[in-house]
Amino acid sequence: MNSSTTISRTNSEKLFEKAKTYFPGGVNSPVRAFKSVDGAPLFIKKGDGARIWDEDNNEFIDFCGSWGPLILGHNPTAVRKKIEETLQNGTSFGAPTRLENELADLILSHNKYIDKIRFTSSGTEAVMSGIRLARGYTNRDKIIKFEGCYHGHSDSLLVKAGSGLVTFGESSSAGVPKSIAAETLVLPLNDLPALEKCVAEYPNQIACIIIEPIPANNGLLLQDKSFLLALREICTKNGILLFFDEVISGFRVAFSGAAELYDIQPDIVTYGKIIGGGLPVGAYGSSEKIMSCISPDGAVYQAGTLSGNPIAMSAGIAALTECIAEGFYQDQKARTDYFVDALNTYSKSKNYDFEVFTIGSIFWLAFSKKEAIRSADEIDSDMTPFKKLHSALLNRGIYIGPSGYEVGFVSKAHSKEILTEAIPAFCDALDEVFTS
Ligand code: PMP
Numbered sequence: 556m557n558s559s560t561t562i563s564r565t566n567s568e569k570l571f572e573k574a575k576t577y578f579p580g581g582v583n584s585p586v587r588a589f590k591s592v593d594g595a596p597l598f599i600k601k602g603d604g605a606r607i608w609d610e611d612n613n614e615f616i617d618f619c620g621s622w623g624p625l626i627l628g629h630n631p632t633a634v635r636k637k638i639e640e641t642l643q644n645g646t647s648f649g650a651p652t653r654l655e656n657e658l659a660d661l662i663l664s665h666n667k668y669i670d671k672i673r674f675t676s677s678g679t680e681a682v683m684s685g686i687r688l689a690r691g692y693t694n695r696d697k698i699i700k701f702e703g704c705y706h707g708h709s710d711s712l713l714v715k716a717g718s719g720l721v722t723f724g725e726s727s728s729a730g731v732p733k734s735i736a737a738e739t740l741v742l743p744l745n746d747l748p749a750l751e752k753c754v755a756e757y758p759n760q761i762a763c764i765i766i767e768p769i770p771a772n773n774g775l776l777l778q779d780k781s782f783l784l785a786l787r788e789i790c791t792k793n794g795i796l797l798f799f800d801e802v803i804s805g806f807r808v809a810f811s812g813a814a815e816l817y818d819i820q821p822d823i824v825t826y827g828k829i830i831g832g833g834l835p836v837g838a839y840g841s842s843e844k845i846m847s848c849i850s851p852d853g854a855v856y857q858a859g860t861l862s863g864n865p866i867a868m869s870a871g872i873a874a875l876t877e878c879i880a881e882g883f884y885q886d887q888k889a890r891t892d893y894f895v896d897a898l899n900t901y902s903k904s905k906n907y908d909f910e911v912f913t914i915g916s917i918f919w920l921a922f923s924k925k926e927a928i929r930s931a932d933e934i935d936s937d938m939t940p941f942k943k944l945h946s947a948l949l950n951r952g953i954y955i956g957p958s959g960y961e962v963g964f965v966s967k968a969h970s971k972e973i974l975t976e977a978i979p980a981f982c983d984a985l986d987e988v989f990t991s
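Residues in the sequence shown are numbered consecutively from 556, following the working numbering.
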């Protein structure tokens with residue numbers, strides 16, 4: 556695996572050329588376009604456990620995991636079987652099904668931070684709806700978000716929003732009316748004085764402070780718990796809702812996400828990715844009182860033709876059933892630490908400007924020697940080394956997300972044996988980056 560030969564991308568290249576005639580940039584989500592790394596995006600035809608295969612039959616150990624949902628790896632038997640079983644009865648009814656109850660029960664009975672939940676079809680939808688809920692509940696319009704945190708692509712939140720935008724050198728999206736952007740106050744992470752000043756400047760106008768409690772969309776900007784606790788305190792003192800966007804961290808660092816890991820009670824939480832077991836599901840949840848504002852109980856409208864879709868619910872049920880198993884998260888973390896420690900030990904021994912940051916089963920490959928990176932402006936903007944590493948890894952059978960601002964994920968299928976196989980390939984790829 557760690558001998559490097561340039562992989563053939565002939566079939567992917569042909570498919571990409573065709574795709575460009577159908578889709579803007581040839582893709583249905585921008586970061587897939589390999590704009591900030593070399594070559595055509597690989598078209599994937601199959602996944603099994605920790606491995607994927609592309610249309611040229613190249614095999615890779617996959618650390619992207621569909622950007623986070625696949626905590627059990629690709630095509631896990633339990634999820635496939637449950638989907639197949641549900642599929643026998645049809646795919647969608649637009650009426651309630653017992654599967655929605657089952658998934659909700661599984662989540663709520665293992666999560667002390669929320670009383671009620673509403674399923675959506677994506678993380679974006681969940682966050683957008685949660686913001687509307689915060690505004691409806693508080694009767695305030697402004698929101699605070701943090702630079703580098705991504706919360707999906709709804710208008711209010713596409714301001715200084717992390718990887719997708721940073722990768723393309725934009726801080727905000729075109730097409731967002733100035734009047735809407737003006738309601739979003741953007742602050743640096745890890746800067747309490749800035750936050751206190753801002754809150755004092757807009758008394759009784761701020762509906763919520765939204766944060767990825769584990770910011771993982773612009774590198775992995777791990778916050779000190781004291782910062783998150785301070786947010787809790789400021790929110791409580793000022794009648795502001797604390798909004799944890801746990802689309803990545805939920806069911807990833809612990810079943811109830813960062814809220815559980817740090818034991819901090821947010822007022823609104825959003826989930827996505829893992830919750831749907833690889834199918835499109837998002838969710839927002841809160842207390843009984845706050846959730847009573849949602850239609851049809853309350854005046855905040857939110858709906859979805861395919862919300863709570865039975866196939867998606869089935870995948871979520873099967874996936875989360877595995878996640879609640881005793882020791883699941885400890886085991887995930889132990890294997891990830893084994894992998895990350897090996898890379899860091901190697902990098903240190905070679906004195907490379909490279910360090911892997913990690914939490915739970917999330918990791919980020921940083922071309923840095925800093926002890927900690929807590930805000931977006933501390934990241935080195937030169938992505939040339941990452942670009943080299945990306946190609947070097949592909950050529951050694953390792954697939955990672957095609958952006959240096961994205962994190963990687965270890966799944967249950969990444970056994971110690973598979974990680975042991977990946978480590979020398981990573982080390983060899985690092986040698987190529989730093990010596991060529
Ligand atoms: N919030 C966070 C923290 C995310 O990481 C993402 C997606 N990466 C979203 C929201 C949006 O989710 P989706 O892509 O499912 O719309």
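From the three backbone atoms N, C-alpha and C, an ideal C-beta is built for every residue, glycine too. Remember, it's a predicted structure, so these values are computed and weren't measured experimentally.
> Can you find at least 3 beta carbon pairs, one from the region 879-886 and one from the region 896-908, that sit closer than 8 angstroms?
Replying inline: Look at the beta carbons and you see the region 879-886 not touching the region 896-908: under three pairs across the two are nearer than 8 angstroms.
>> Restricting to runs no shorter than 3 residues, where is the beta strand (DSSP E) found entirely within the region 823-881?
In response: Listed in chain order, the complete beta strand (DSSP E) runs (minimum 3 residues) inside the region 823-881 are 823-826 and 837-841.
> Counting pairs of Cβ atoms below 8 angstroms between the region 809-825 and the region 925-944, do you hit three or more?
Replying inline: Contact fails: fewer than three Cβ-Cβ distances are below 8 angstroms.
>> Suppose contacts are defined by Cβ-Cβ distances below 8 angstroms. Is L861 in contact with I662 by that definition?
In response: In this structure, L861 keeps its C-beta atom at 8 angstroms or more from the C-beta atom of I662.
> Relative to the ligand PMP, is the shortest distance from any of its heavy atoms to the C-beta of Y705 smaller than 7 angstroms?
Replying inline: Under cutoff, so the answer is yes.
> Cα separation between N906 and C982?
Replying inline: Note on geometry: alpha-carbon atoms of N906 and C982 lie some 13 angstroms from one another.
>> Does D892 come out as helix, strand or coil in the three-state DSSP assignment?
In response: The answer is helix: DSSP assigns D892 an H, G or I state.
> Given T693, which residues of its chain have a CB within under 6 angstroms of its CB, disregarding the five upstream and five downstream residues?
Replying inline: These residues qualify, in order along the chain: A762.
>> I want to check one thing, is the minimum distance from the CB of V682 to the heavy atoms of the ligand PMP below 7 angstroms?
In response: At least one heavy atom of the ligand PMP falls within 7 angstroms of the beta-carbon of V682.
>> In chain order, what are the residue ranges of uninterrupted beta strand (DSSP E) at least 3 long that sit wholly in the region 664-745?
In response: Segments of the beta strand (DSSP E) lying fully in the region 664-745: 671-675, 697-701 and 739-742.
>> With a threshold of 6 angstroms on Cβ separation, who are the neighbours of E815 within its own chain once the five nearest residues in sequence on each side are excluded?
In response: Residues A809 of the same chain have their beta carbon placed closer than 6 angstroms to that of E815, with the five preceding and five following residues left out of the count.
>> Considering Cα atoms alone, identify which of Q857, T825 and A858 is closest to S842.
In response: Residue T825 is the option with its Cα nearest to S842.
> At what residues does the alpha helix (DSSP H) containing R635 begin and finish?
Replying inline: The continuous alpha helix (DSSP H) containing R635 extends over residues T632 to L642.
> So, helix, strand or coil for F883, using DSSP?
Replying inline: Note: F883 maps to helix in three-state DSSP.
> From which residue to which residue does the beta strand (DSSP E) around D983 run?
Replying inline: Here D983 belongs to no beta strand (DSSP E); instead the alpha helix (DSSP H) covers K971 to T990.
> So is N745 buried or exposed if we call it buried at 16+ other beta carbons inside 10 Å?
Replying inline: Looking at its Cβ environment, which holds 16 or more other Cβ atoms inside 10 Å, N745 is buried.
> Where does R653 land, buried or exposed, given buried means 16+ other C-beta within 10 angstroms?
Replying inline: By the neighbour-count rule (16 or more Cβ atoms within 10 Å), R653 is not buried but exposed.
> CB-CB under 6 angstroms to N864, same chain, minus the five flanking residues each way: which ones, in chain order?
Replying inline: Excluding positions up to five away in sequence, the list reads S647.
> Is the Cβ-Cβ distance between V836 and G871 less than 8 angstroms?
Replying inline: Cβ distance < 8 angstroms, so V836 and G871 count as in contact.
>> In the DSSP output, what is A809 paired with across the bridge?
In response: G805, per the DSSP bridge assignment.
> From G827, I953 and K967, pick the residue whose C-alpha is nearest to that of I880; which is it?
Replying inline: This sequence places Ala at residue 880; Ile is not what is there. Between A880 and the set G827, I953 and K967, the nearest pair of CA atoms involves K967.
> Taking 7 angstroms as the line, does the beta carbon of T900 fall inside it for any heavy atom of the ligand PMP?
Replying inline: Between the ligand PMP and the CB of T900, the shortest heavy atom gap is not smaller than 7 angstroms.
> Can you pull the DSSP bridge partners for W622?
Replying inline: DSSP output for W622 lists no bridge partner at all.
> Going by other Cβ atoms of all chains shown within 10 Å of its Cβ, with 16 needed for buried, is M556 buried or exposed?
Replying inline: Low confidence applies to M556: its pLDDT is 47, below 50, so where it sits in the model is not reliable, and the reading given next is rough at best. Counting Cβ neighbours within 10 Å, M556 comes out exposed, since fewer than 16 surround it.
> Skipping 5 residues on each side, what residues in its chain have a beta carbon closer than 8 angstroms to that of S936?
Replying inline: Taken in chain order, the list of residues that qualify is empty.
>> Let me check you understand the geometry: is the CB of T679 closer than 7 angstroms to at least one non-hydrogen atom of the ligand PMP?
In response: The nearest non-hydrogen atom of the ligand PMP is less than 7 angstroms from the C-beta of T679.
>> For a test of your reading of the model: does the CB of V802 fall under 7 angstroms from any non-hydrogen atom of the ligand PMP? Yes or no.
In response: Yes, the ligand PMP has a heavy atom inside 7 angstroms of this Cβ.
> Exposed or buried, what is T565 when buried is set at 16 or more other beta-carbons lying within 10 Å of its beta-carbon?
Replying inline: Burial call: exposed.
> Taking C-beta to C-beta, are L688 and C848 nearer than 8 angstroms?
Replying inline: The answer is yes: Cβ separation under 8 angstroms.
> Less than 8 angstroms separating the beta-carbons of P768 and Y839?
Replying inline: For P768 and Y839, no; Cβs fall outside 8 angstroms.
> By DSSP, does R564 sit in helix, in strand, or in coil?
Replying inline: Looking at R564 - three-state DSSP - the assignment turns out to be coil, as it is neither helix nor strand.
>> Could you tell me the alpha carbon to alpha carbon distance between K943 and H969, rounded to whole angstroms?
In response: If you take the alpha carbons of K943 and H969, they lie about 24 angstroms apart.
> Quick one: does the C-beta of G827 sit closer than 7 angstroms to a heavy atom of the ligand PMP?
Replying inline: It does: the Cβ of G827 is within 7 angstroms (strictly closer) of some heavy atom of the ligand PMP.
> What is the DSSP secondary structure of K600, reduced to helix, strand or coil?
Replying inline: Here DSSP, grouped into helix, strand and coil, assigns K600 to strand.
> How long is the line joining the alpha carbons of G805 and S811, rounded to whole angstroms?
Replying inline: Cα atoms of G805 and S811: separation of roughly 6 angstroms, rounded to the nearest angstrom.
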